[in-house]
Amino acid sequence: MDLPVETILREHASLREIPDAYVGVLVSCVTSRRFGSGEYLFRLGDPARRFFLIRSGTVSIEYPVPGRAPDPIQTLSEGDLVGWSWLLEPHTRHFDARALDEVRTLCFDGDRLLGHASRDHEFGYHVLRQFAGVVTRRLRATQLQLLDLHRKRHGSGPDSA
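Right under this line is the structure:
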């Protein structure tokens with residue numbers, strides 16, 4: 003049995019600091035979406051008008067490379083938020099997001115959220131603050147991944163002895 007959307011949002015680590023008064027706004031912007039294995043949530047260059055909260059399954063964030071398999075950037079799973087390009091101009095996707103298995107999500111309408119944020123700046127502040135945390139964690143994870151890749155290529159670090 004699924005929990006009510008309001009409960010999911012109130013308990014989510016990246017959203018629980020949004021004041022209770024604004025949870026209803028978030029709920030009004032949500033629909034449920036499923037993606038089959040191999041299906042894309044979005045592709046590089048697509049307009050970014052929504053984001054997803056993964057309820058179950060695994061999503062690969064990838065950078066497509068012409069003539070070869072895409073480069074995987076990060077793998078996300080239950081509880082992760084996917085797609086923050088809706089928040090900032092030019093509202094265009096910078097990567098592909100592909101379901102690695104069946105994925106269930108809550109899909110948020112970013113245009114509606116931005117509309118609410120432009121009318122209620124306090125709401126906008128809370129949304130921006132929460133997503134800034136998500137972006138910061140993703141950038142840190144990418145930094146660590148690049149550092150690991152550098153060590154493997156150049157034989158430096160504790161594994162090179």
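Each number in the working numbering corresponds to the 1-based position in the sequence shown with 2 added. The beta carbon of each residue, even a glycine, is placed where N, CA and C say it ideally should be.
Taking all protein chains shown into account, decide if residue i is buried (16 or more other Cβ within 10 angstroms of its Cβ) or exposed.
| i | result |
| --- | --- |
| GLU124 | exposed |
| GLU41 | exposed |
| GLU13 | exposed |
| GLY112 | buried |
| GLY59 | buried |
| ALA134 | exposed |
| LEU11 | buried |
Within a Cβ cutoff of 6 angstroms, which residues of the same chain sit near residue i, ignoring the five residues on either side of it in sequence?
| i | result |
| --- | --- |
| ASP4 | none |
| LEU149 | none |
| LEU102 | THR60, SER62 |
| HIS118 | VAL27, PHE125 |
| SER34 | none |
| LEU115 | CYS31 |
Given residue i, which residues of its chain have a CB within under 8 angstroms of its CB, disregarding the five upstream and five downstream residues?
| i | result |
| --- | --- |
| PRO49 | HIS93, THR94, ARG95 |
Are the CB atoms of residue i and residue j nearer to each other than 8 angstroms?
| i | j | result |
| --- | --- | --- |
| VAL61 | ARG100 | yes |
| ILE63 | LEU46 | no |
| GLY81 | ILE56 | yes |
| PHE97 | TYR65 | yes |
| ASP91 | SER39 | The sequence shown places Glu at residue 91, rather than the Asp named in the question. Cβ distance not < 8 angstroms, so GLU91 and SER39 don't count as in contact. |
Taking the alpha-carbon of residue i as reference, which of the options has the nearest alpha-carbon?
| i | options | result |
| --- | --- | --- |
| GLY85 | ARG114, TYR24, CYS109 | CYS109 |
| VAL32 | GLY157, THR9, ARG140, HIS156 | THR9 |
| THR144 | ARG52, GLN76, VAL67 | GLN76 |
Quick check: the Cα distance between residue i and residue j, rounded to an integer number of angstroms?
| i | j | result |
| --- | --- | --- |
| VAL7 | VAL29 | 7 angstroms |
| GLN132 | ARG106 | 22 angstroms |
| PHE37 | TRP88 | 20 angstroms |
| ARG139 | GLN147 | 12 angstroms |
| ALA71 | HIS156 | 23 angstroms |
| ARG52 | LEU151 | 31 angstroms |
| ASP73 | SER120 | 36 angstroms |
Ignore the nearest five residues each way along the sequence and tell me which others in residue i's own chain have a CB closer than 7 angstroms to its CB.
| i | result |
| --- | --- |
| VAL136 | SER16, LEU83, TRP86 |
| TYR24 | PHE125, HIS128 |
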